[in-house]
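See structure below.
Protein chains: 2
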Amino acid sequence: MTAIRLHSYFRSSTSVRVRVALRMKGLDYSYVAWNLRRREHLSDSYLSVNPQGVVPALEMDGLILTQSVPIIEYLEERFPDPPLLPADLPGRARVRGLAAMIACEVHPLNNLRVLTYLNDRFAADEAVQAEWFRHWTCATLDPLEKMLAGSSRTGTFCHGETPGLADICLFAQMLNNRRFGLEEERWPTLGRIHRACLEIPAFALAAPEQQPDAV
Amino acid sequence: MTAIRLHSYFRSSTSVRVRVALRMKGLDYSYVAWNLRRREHLSDSYLSVNPQGVVPALEMDGLILTQSVPIIEYLEERFPDPPLLPADLPGRARVRGLAAMIACEVHPLNNLRVLTYLNDRFAADEAVQAEWFRHWTCATLDPLEKMLAGSSRTGTFCHGETPGLADICLFAQMLNNRRFGLEEERWPTLGRIHRACLEIPAFALAAPEQQPDAV
Numbered sequence: 047m048t049a050i051r052l053h054s055y056f057r058s059s060t061s062v063r064v065r066v067a068l069r070m071k072g073l074d075y076s077y078v079a080w081n082l083r084r085r086e087h088l089s090d091s092y093l094s095v096n097p098q099g100v101v102p103a104l105e106m107d108g109l110i111l112t113q114s115v116p117i118i119e120y121l122e123e124r125f126p127d128p129p130l131l132p133a134d135l136p137g138r139a140r141v142r143g144l145a146a147m148i149a150c151e152v153h154p155l156n157n158l159r160v161l162t163y164l165n166d167r168f169a170a171d172e173a174v175q176a177e178w179f180r181h182w183t184c185a186t187l188d189p190l191e192k193m194l195a196g197s198s199r200t201g202t203f204c205h206g207e208t209p210g211l212a213d214i215c216l217f218a219q220m221l222n223n224r225r226f227g228l229e230e231e232r233w234p235t236l237g238r239i240h241r242a243c244l245e246i247p248a249f250a251l252a253a254p255e256q257q258p259d260a261v
Numbered sequence: 047m048t049a050i051r052l053h054s055y056f057r058s059s060t061s062v063r064v065r066v067a068l069r070m071k072g073l074d075y076s077y078v079a080w081n082l083r084r085r086e087h088l089s090d091s092y093l094s095v096n097p098q099g100v101v102p103a104l105e106m107d108g109l110i111l112t113q114s115v116p117i118i119e120y121l122e123e124r125f126p127d128p129p130l131l132p133a134d135l136p137g138r139a140r141v142r143g144l145a146a147m148i149a150c151e152v153h154p155l156n157n158l159r160v161l162t163y164l165n166d167r168f169a170a171d172e173a174v175q176a177e178w179f180r181h182w183t184c185a186t187l188d189p190l191e192k193m194l195a196g197s198s199r200t201g202t203f204c205h206g207e208t209p210g211l212a213d214i215c216l217f218a219q220m221l222n223n224r225r226f227g228l229e230e231e232r233w234p235t236l237g238r239i240h241r242a243c244l245e246i247p248a249f250a251l252a253a254p255e256q257q258p259d260a261v
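So this is what it looks like as structure tokens:
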């Protein structure tokens, strides 16, 4: 296996996800920082890595992998232990479904480029951006709380006693929430799972403030 | 196997994806329509199916599956033939990555509930909504065109000669684009792949106008 290089930004929620997964799989990697605030992800040098101009991207096995959940699915297939998805098909569908609620419905609406565009196009100041963030986050996390609290398959983590893909997405989102005034008390089950994740080094060390480019 | 019931809305792009996948796998299903314009997806009867209040949801095998890409991953694992993902790991990562560009970065910003909220919150009329739609669609489909046109792994379809998960997401998106004045000439490769998909009955029959609730 060739060396692994992660293209990342400390605060990027999708970068957090991949950092957790790499650590969960016990994989060492080098960290290449791109400062989104300084628009470094739109530089020619980064576009030559990922033409889409978004982080993260992961270089490994002679490949350039993009999109955080597909990257994690690759890591899962390449290094099955410890697993980030359950072995049974219904469990896999449940975990992927929970992860997609965050990956496909919360984060895409609330990342930096969308908030910036709201400001540019609708003169949305920081307060209005925060209102937008909270609206879409609650629209999904409120039912997510109900679904997790109401399922016998929920355990210490989103699915039983083993942290996995859904926990990874939830963890990254809950970190983001704090910056926009959303406290975890609103969602007792999500908050409990988030705190359980924080006790695991692979999660704690993937947090933004632990990264070399943190400011 | 118990009967399969698809909860759907004819125009929903994520519902299109699941309809294509079911047909690709040769699975019969009954169609349960929920009219998003009439807010039927927020009714108690639908929330008892999917507490998140979004379509599609798929009832099968005694489960209620939600989130279109995880539903398709379930169908893929449950009925491996014909495959919707390549067999090799790099190929699987590529197809999932291409699919996620649409599923995680185009569609979430451009669905009906977001456009409605833009109108409610920022008084964005139809023209402004269409501008928003085009902005986010082009932000991802422009680099997607480059990535597909520049890869030797692109064939008649997004990945070689077999239609799969990436084509399913692309097909549904391209149908949506027309409603907002985005013609496929902008993206020659995407347009070519879209037309190749349209020649396959599983795709053509999944289009909005073919559904029982089409108006």
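So the protein sequences, as listed, match chains A and B.
Per the working numbering, numbering through the first sequence is continuous, rising by one, with the last residue being 261.
Per the working numbering, numbering through the second sequence is continuous, rising by one, with the last residue being 261.
Glycine included, C-beta positions come from ideal geometry on N, C-alpha and C.
Just so you know, these numbers come straight off a predicted model, no measurement behind them.
Taking buried to mean at least 16 other C-beta atoms within 10 Å of its own C-beta, is residue i buried or exposed?
i: B/Q257; result: buried
i: A/R199; result: exposed
i: A/V141; result: buried
i: B/D127; result: exposed
i: A/V160; result: buried
i: B/V225; result: A small fix is needed here, since residue 225 of chain B is Arg in this sequence, not Val. Answer is exposed; the Cβ neighbour count stays below 16.
i: A/S267; result: Past the boundaries of the shown model lies residue 267 of chain A; chain A is included only from 47 to 261, so the question cannot be answered.
i: A/P209; result: buried
i: A/V261; result: exposed
i: B/H181; result: exposed
i: B/G227; result: exposed
i: B/S59; result: buried
i: B/G143; result: buried
i: A/E151; result: buried
Closer than 9 Å, CB to CB, is residue i near chain A or not?
i: B/V101; result: no
i: B/F226; result: no
i: B/G196; result: yes
i: B/W178; result: yes
i: B/Y75; result: no
i: B/Y55; result: no
In three-state DSSP terms, what is residue i?
i: A/L109; result: strand
i: A/H32; result: The structure shown does not extend to residue 32 of chain A, since chain A is modelled only from 47 through 261, so no value can be given for it.
i: B/S197; result: coil
i: B/S76; result: strand
i: A/A170; result: coil
i: B/A103; result: strand
i: A/W182; result: helix
i: B/L144; result: helix
i: B/S162; result: According to the sequence shown, residue 162 of chain B is Thr rather than Ser. DSSP places B/T162 in helix when its eight states are reduced to three.
i: A/Q98; result: coil
i: A/A176; result: helix
i: B/G137; result: helix
Which chain B residues sit within Cβ distance under 8 Å of residue i?
i: A/V115; result: R142, A146, C150
i: A/E119; result: R138, A139, R142
From the beta carbon of residue i, is the nearest beta carbon of chain B less than 9 Å away?
i: A/D107; result: yes
Can you pull the chain A residues whose beta carbon is under 7 Å from the beta carbon of residue i, in chain order?
i: B/R63; result: Neighbours of B/R63 on chain A: none; closest Cβ ~12 Å, over 7 Å.
i: B/F168; result: F168
Using a C-beta to C-beta distance shorter than 7 Å, which residues of chain B count as neighbours of residue i?
i: A/M193; result: P97
Counting only Cβ pairs nearer than 8 Å, list the residues of chain A close to residue i.
i: B/T186; result: Q98
i: B/P189; result: P97, Q98, G99
i: B/R124; result: L135
Anything in chain B within Cβ reach of residue i, meaning under 9 Å, just list it in chain order.
i: A/L111; result: P136, A139, R140, G143
i: A/V160; result: L155, W182
Answer with yes or no whether the minimum CB distance from residue i to chain C is below 9 Å.
i: B/Y92; result: Checking the listed chains, one finds no chain C in this structure; the protein chains it contains are A and B.
Below 8 Å on the Cβ atoms is my contact criterion, and I expect residue i with residue j to pass it. Report the Cβ-Cβ distance as a whole number of Å.
i: B/C204; j: B/L194; result: 6 Å
i: B/P102; j: B/V64; result: 5 Å
i: A/A145; j: A/A212; result: 5 Å
i: B/V62; j: B/L221; result: 7 Å
i: A/E123; j: B/L135; result: 5 Å
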